[in-house]
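Q: Please read through the structure below; I'll follow up with questions.
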Amino acid sequence: MKKYDVTGIGNALVDIEFKVKDQFFTDNGVEKGLMTLVDEDRQNALMQVIDTEQAKKQCGGSAGNTVIAISQFGGKSYYSCKVANDELGHFYMNDMKDAGVSHNLNESNLAEGITGKCLVMVTEDAERTMNTYLGITETYSTADVNEAAIKDSKYLYIEGYLITSENGKQAMKHAKKIAEDNGVKVAMTFSDPAMVKYFKEPMTEVVGASVNLLFANEEEAMLFTGKDNLSDAREELKKVAKHFVITQGKNGAMIYDGDTFIDIEPYSTTAIDSNGAGDMFAGAFMYGITNGHSYASSGKLASMASSKIVSQFGPRLQWHEAKDILAKLNP
């Protein structure tokens, strides 16, 4: 019996989320709809022009959101990450504990430096734009990978955002090899179209011969495979992933279960914030497949959960909401 359903590795970031008008991007030179890496000075300049009192603060990062979702649905998750010995680092550690996620952080191993922050700007069309200062998590390396946790998990979940640094790439490859050498399945998310567009070669290197489960949205799937349509892209993905999920926003998702394609219907919702929708889909789906649900049932759960996330502000469900969604799945 494995101790954890999923061990995740990724960038530990405190998400600071706030609403803006499109004019905000023009006034402050921000490219809408993308995740942009920025330095500390640039991020501090942006923080001077936002209403921090109205902003919502939570521990996050892509894989962080996913392992929290697994925990909220009743799964057992572990997160290997890196924060600094500062106010936000302690906030991150305590918030992760409150979310029921085991992790590698404790008072004695917090590094000197600055904890990473992600400014999440949400517009009225529900699109999210992110400016990220990685801080100490930019130094995440093989030394921060918890080998014991991976060995004691059903799945390793790798966040694509780690690909932006050489040490992050090596950590991804190191964790993947530990999993493969010990019969642990490997899941991976591309995280963002920019990660595939600008880091395609190292991303391909990490994927290697194959992964057990790959998460991508439509744009990421086409960028990675070099195809200009989804039909060709999904056929190409069969060469590198035993199973995969392609999320399609308001059109639902498609799942390849290793044999056939399963179309997952979307759930009607009014979108106000798309931040964390993909992370939630991955978390709910991985909870499902590690807790006795079929691929189709897990896809349905993930679709319900992500539709709920986009209908509210912030990337995380309330605990009662997760229970309500499970109740609907199993009436």
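Mapping the sequence shown onto full-length UniProt numbering, position 168 (from 1) lands on 168, and the numbers just tick up by one.
The beta-carbon is built from N, C-alpha and C at its ideal position, and this holds for glycine as well.
(1) Quick one: which unbroken beta strand (DSSP E) runs of 3-plus residues sit fully inside the region 97-165? Chain order, please.
(2) Here's the rule: buried if 16 or more other CB atoms are within 10 angstroms of the residue's CB, otherwise exposed. What is A143?
(3) With a Cβ-Cβ cutoff of 8 Å, do S298 and F313 count as a contact?
(4) Below 7 Å CB to CB, which residues in the same chain sit around V245 once its five sequence neighbours on both sides are set aside?
(5) Quick check: I163 and V211, are their CB atoms within less than 8 Å of each other?
(6) Going by beta-carbon coordinates alone, are M121 and V20 separated by less than 8 Å?
(7) Starting from the Cα of M96, find the closest Cα among K117, C59, E112 and V240 and give me that residue.
(8) In three-state DSSP terms, what is E303?
(9) Measuring only the C-alpha atoms, how far is Y78 from D51?
(10) Tell me whether Q170 sits in a helix, a strand or coil according to DSSP, three-state version.
(11) Could you check the C-alpha separation between N65 and S108 for me, to the nearest Å?
(12) Which residue's Cα is closest to the Cα of residue 332: A327, L317, N330 and E180?
(13) Can you list, in chain order, the residues of its chain with a C-beta nearer than 6 Å to that of D15? Leave out the 5 residues immediately preceding and following it.
(14) For Q312, which beta-bridge partners are listed by DSSP?
(15) Buried or exposed for H320, please, with buried defined as at least 16 other CB atoms from any protein chain shown within 10 angstroms of its CB.
A: Here's the rundown:
(1) 116-122, 128-133 and 153-159
(2) Within the sequence shown, numbered from 1, the residue matching residue 143 stands at position 143. It is exposed - the Cβ of A143 has fewer than 16 other Cβ atoms within 10 Å.
(3) By one-based count along the sequence shown, residue 298 stands at place 298. By one-based count along the sequence shown, residue 313 stands at place 313. In this structure, F313 does not lie closer than 8 Å to S298 by Cβ.
(4) As a working note, residue 245 is residue 245 in the sequence shown. Closer than 7 Å at the Cβ level, and outside the excluded window around V245, lie F215, A253, I255 and F285.
(5) Here residue 163 is taken as the residue at index 163 of the sequence shown, counted from 1. Here residue 211 is taken as the residue at index 211 of the sequence shown, counted from 1. No, the Cβ-Cβ distance between I163 and V211 is not below 8 Å.
(6) As a working mapping, residue 121 is identified with position 121 in the sequence shown. As a working mapping, residue 20 is identified with position 20 in the sequence shown. Yes, these two residues count as a Cβ contact at 8 Å.
(7) Against the sequence shown, residue 96 aligns to sequence position 96. The option with the nearest alpha carbon to M96 is C59.
(8) In the sequence shown, the residue the question calls residue 303 occupies position 303. With the sequence shown as reference, residue 303 is identified as Ser, and Glu is not the correct amino acid for it. Looking at S303 - three-state DSSP - the assignment turns out to be helix.
(9) Working through the sequence shown from its first residue, we reach residue 78 at position 78. Working through the sequence shown from its first residue, we reach residue 51 at position 51. So the two alpha carbons sit approximately 33 Å from each other.
(10) Here residue 170 refers to the residue found at position 170 when the sequence shown is read from its first residue. Q170: helix per DSSP, three-state reduction.
(11) Sequence index remark: in the sequence shown, residue 65 carries index 65 (1-based). Sequence index remark: in the sequence shown, residue 108 carries index 108 (1-based). Their Cα atoms are separated by approximately 24 Å.
(12) Any question about residue 332 goes unanswered here, given that the chain covers just 1 to 331.
(13) Within the sequence shown, numbered from 1, the residue matching residue 15 stands at position 15. Correct list, in chain order: Q58, G60, C118 and V120.
(14) Your numbering for residue 312 matches position 312 in the sequence shown. According to DSSP, which records beta bridges pairwise, Q312 is partnered with nothing at all.
(15) Within the sequence shown, the letter at position 320 stands for residue 320. So H320 counts as exposed.
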